[in-house]
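Have a look at the structure below, then the notes.
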Amino acid sequence: MEYSEKVMDHFMNPRNVGEMENPSGVGTVGNAKCGDIMKVYLDIENGIIKDAKFKTFGCGAAVATSSMATELVKGKSVQEALEVTNKAVMEALDGLPPVKVHCSCLAEEALHAALWDYAQKNGIVIEGLKEPVDDIEHLHDLPEEV
Ligand code: FES
-5 MEYSEKVMDH FMNPRNVGEM ENPSGVGTVG NAKCGDIMKV YLDIENGIIK
45 DAKFKTFGCG AAVATSSMAT ELVKGKSVQE ALEVTNKAVM EALDGLPPVK
95 VHCSCLAEEA LHAALWDYAQ KNGIVIEGLK EPVDDIEHLH DLPEEV
């Protein structure tokens, strides 16, 4: 399987790994097939994403895509952040092998779940944002090592 240099860079050297205290929004999603879990934290001030962090119990492509996704949303408004789709993330990474496309979807879903959480907490509507289908926040105990 061929990975681009950018994917390798974000996998070996992921940006924004970690947790956040008192995030404005947090979303956790999982992929039932591969069993991978992704959690995204957002710090939002006046509708602008100041900071983003992620934790994943997932594969290398999941690490690389969430690293890139969190980089791309920083400085964007919550509305603009919706444009950071899995396609946009894949493009920014110069592509992913077809069997790894779902990993970028997991990154997008976690980001959307975090935005949804923020919108719910603040009673706002982010146009075009749908309620996350597989938010697994109730399983919030991620394995220790992630
Ligand atoms: Fe599941 Fe990559 S194999 S997220």
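Per my numbering, the sequence shown starts with residue -5, numbered consecutively. Glycine is no exception: its CB is placed at the ideal position from the N, C-alpha and C atoms.
Can you check whether the CB of residue j is closer than 8 angstroms to the CB of residue i?
i, j, result
"Ser61", "Pro8", "yes"
"Glu102", "Asn80", "yes"
"Val23", "Ala86", "no"
"Asp88", "Cys53", "no"
"Lys47", "Asn10", "yes"
"Ser98", "Thr59", "yes"
Residue i: beta carbon under 7 angstroms from a heavy atom of ligand 1?
i, result
"Gly89", "no"
"Gly52", "yes"
Does residue i get closer than 8 angstroms to chain C when you measure Cβ to Cβ?
i, result
"Glu13", "The question asks about chain C, but that chain is absent: this structure has only one protein chain."
With a threshold of 16 other CB atoms inside 10 Å of the CB of residue i, please say whether the residue is buried or exposed.
i, result
"Met32", "buried"
"Leu75", "The displayed chain sequence assigns Ala, not Leu, to residue 75. So Ala75 counts as buried."
Three-state secondary structure (DSSP) at residue i?
i, result
"Asp88", "coil"
"Val93", "helix"
_Contained beta strand (DSSP E) runs [length at least 3] in the region -3 to 35, N- to C-terminal order_ = The region -3 to 35 contains these whole beta strand (DSSP E) runs: 19 to 24.
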